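Q: In numbering that gives the first Met the number 0, the protein residues as written are 0 to 609. Structure below; questions to follow.
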Amino acid sequence: MLHSMKAFGITAIVVLGLGLIAGAITWAVLATRDRGPPAPSPPDLIDLDWWQHCVLYQIYPRSFKDSDGDGIGDLKGITEQLEHFVEAGVDAVWMSPIFESPMVDFGYDISNFYEIHYEYGTMEDFENLLEKAHELGLKVLLDFVPNHASNMSEYFIKSEAKEPGYEDFFVWADALPDPDNATNRLPPSNWISQFAGSAWEWSDKRQQYYLHQFAIEQPDFNFRNPDVQKEMINIMKFWLDKGADGFRVDALPYLMEADPADHDGRYPDDPLSGRAEFQPGQLGYNIPLYTKDLLELYDRVHEWRGFVDSYLEANGGDTRVIFSEGYANISMTMLYYGNEDGDIGAHFPFNFDFISELSNTSTARDFGYTILKWLTYMPYGAIPNWQTGNHDNNRAPSRFRVNMVDGLTSLNMLLPGVAVTYQGEEIGMRDGFVSWEDTKDVEALRRGDNETYLLYSRDPCRTPYHWDSSTNAGFSTGNKTWLPVAGDYMEINLAKQKEDARSHFKVYQALVKLRKEKTLSHGEYSVRALSNRTLYLVRYLRTFDTIVLLFNVSEMPDTIILSRVLHLELPATIVVSSIHSARVAGDLIEGENLTLAPGEAIILRAKPVS
């Protein structure tokens, strides 16, 4: 009996214990149901190198700030204004050429690659600029121009004289006989210069032609000569030793030309384009089959990347970079990153698609296609970059529309990778008018005339920076500036935009601040047209706020359905809006439908993706 009672007691305890356990499990399950699924853990984020998500600002030194009243921008002027870049949120600057030059092509015709051009200052001025920039946390890149030199350079003078060691520093060729006139000579091929006319110029001194793919005063180096290859490395090392943080490398598609050894000992003629709108000697009359985008040029880029990487390994410090410049089709452009055989090229090639493929007639679908094309073709693990202007093309507000300025800047800043700003874009500068009499650009002077020069002139996008509303827009105290200051500087200038409640500069600052968020530095993206007028860009990253750009690129209002925007969960809050928008930061967006005015851009902050 006693044994039975003990057994019963043990059984009761076990049953009670099991009941308590079951109850606890049930409570836990119910509690979990009430709380929902466990919160997602944040993703593991890799550290980015300084350049991989930077804001890179192009300075055109001649037009940035004049410190001595001669009407020409200079290095001291840049140094005086370095705090502007800190205030704007810029990480790195690259300066168009500052080297000794006759200034036929305003610095892209270099006579001494190791000296500073006297109008810009001295080597000490450069060293002071570099020191102050680094103190402020700014990286400084130089414009490296390897394709050609000035015909006033020692290299060319010695080569023309056939001095030992320099005979083949440039591309020289004998004249061809004229079958119709025995006393006449013909150039070695039908190649056409980028500035029109034959790409060959006769040297009486040497009794040969030399190649110039740009101006007559810009003879092309011969990159089949190992001594030329070594000299380019020497130049890069000199400036890296000075403390430069890297280079933008100019005009790379023209670095190599066809080898006569592959064409029966002569330079082959380019095929004719067959386009009736071009006359002989005009750019476009030929197809540059033998003068542009030759695969051999990428070997030089791989070599230069290897050099800067080895320089870093030997000297330490932060990464030294090379960013390549070249207008080419998408496949040839992507080869600047490297190839699938393991050769590594530039840290990135500049992306000119917003400049060359989009305009004020482009639709939202055009924008979406252009963005996705770069991201689709880009090699795995590569870093993209975006820009809407530079010193060779009309300014963005003039190519598009003035009410699109902030939307274009928003795209530039919110897309993954590097955001590139051309001098003045942060305040929405437009092209300045430059008369034929004031025109300085060699391309306009040699390809155009007093009626057609504006089709070719790069001067309008190079007019002086608008610092304030004082004389010469605060650029210079001189009586005359090298190019005329644009007539709208009283309306568009930095000082005024700092004072105004809403301005392009304040939008720029807000966007740069937003870029620091992990969603934008590390997040995924989705780009799509909601209609022909409006596109969206969504940046999202688990556990971090979702950032959404809505941009009406058209001249008409557009009503969009927000449920079609991927990963956008309403309500959402506006964090930045274009200055022409009726909406401001802090406004809540709750409704399913939203009407955007022409050119309007708004950026929303929404819940993280689940």
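The beta carbon of each residue, even a glycine, is placed where N, CA and C say it ideally should be. Please read these numbers as outputs of a predicted model, since none were measured by experiment.
Between V54, I559, A87 and G76, which has its C-alpha nearest I426's C-alpha?
A: A87
Q: Can you name, in chain order, every residue of its own chain whose Cβ lies under 7 Å from the Cβ of G76, other than the five neighbours on each side?
A: F63, K64, D65 and S66
Q: At 4 residues or longer, and completely inside the segment 483 to 531: list those alpha helix (DSSP H) runs for me, N to C.
A: 493 to 498, 503 to 514 and 517 to 521
Q: Nearest CA to the CA of E339: which residue from Y297, D365 and W385?
A: Y297
Q: Out of Y376, F105, D467 and W190, point me to the one whose CA is closest to E118's CA.
A: F105
Q: Spell out the partners DSSP gives D557 in its beta bridges.
A: L595
Q: Identify whether W93 lies in helix, strand or coil by the three-state DSSP scheme.
A: strand
Q: Please give me, in chain order, every unbroken run of the beta strand (DSSP E) with length at least 3 that falls completely inside the segment 77 to 149.
A: DSSP runs (the beta strand (DSSP E)) wholly in the segment 77 to 149: 91 to 94, 111 to 115 and 138 to 143.
Q: Only counting the same chain, and skipping five residues up and downstream in sequence, which positions put a Cβ closer than 8 Å to that of V484?
A: G431, T462, P463, H465, N471, A472 and F474
Q: Do the CB positions of D458 and K479 come within less than 8 Å of each other?
A: no
Q: Alpha carbon to alpha carbon, how far is S525 from V139?
A: 33 Å
Q: Classify L29 as helix, strand or coil using the three-state DSSP reduction.
A: Low local confidence applies: a pLDDT of 41 at L29 is under 50, so the model's placement there is unreliable, and no value is given.
Q: Across which residues does DSSP place S323 in a beta bridge pair?
A: V248 and P348
Q: Please state if the CB of P101 and the CB of L254 are separated by a distance shorter than 8 Å.
A: no
Q: To the nearest angstrom, how far is it from the Cα of V300 to the Cα of W93?
A: 19 Å
Q: Taking all protein chains shown into account, do 16 or more other C-beta atoms lie within 10 angstroms of the C-beta of D173, making it buried, or fewer, making it exposed?
A: Here D173 is exposed: its Cβ has fewer than 16 other Cβ atoms, across all protein chains shown, within 10 Å.
Q: Where does the unbroken beta strand (DSSP E) through S626 begin, and where does it stop?
A: This structure does not reach residue 626, given that the chain is present from 0 up to 609, and the question cannot be answered.
Q: Can you find at least 3 beta carbon pairs, one from the segment 310 to 329 and one from the segment 279 to 289, that sit closer than 8 Å?
A: no
Q: Alpha carbons only, please: which of D352, Y376 and Y107 is nearest the one belonging to D365?
A: Ranking the options by Cα distance to D365, first place goes to D352.
Q: Under the assumption that D269 contacts W190 (Cβ atoms under 8 Å), give the Cβ distance between them as a whole number of angstroms.
A: 6 Å
Q: In three-state DSSP terms, what is R299?
A: helix
Q: Terminal residues of the continuous alpha helix (DSSP H) containing N411?
A: V404 to L413
Q: Please classify G486: is it buried, with 16 or more other beta-carbons within 10 angstroms of its beta-carbon, or exposed?
A: So G486 ends up on the exposed side.
Q: Once you ignore the five residues that flank A23 on each side, which residues in its own chain have a CB closer than 7 Å to its CB?
A: Because the pLDDT of A23 is 44, which lies under 50, any placement of that residue in the model is unreliable, and the question is left without a value.
Q: Could you tell me the boundaries of the beta strand (DSSP E) in which Y539 lies?
A: Its beta strand (DSSP E) spans residues T533 to L540.
Q: What is the residue span of the beta strand (DSSP E) that Q207 lies within?
A: Where Q207 is concerned, the enclosing beta strand (DSSP E) stretches over Q207 to L210.
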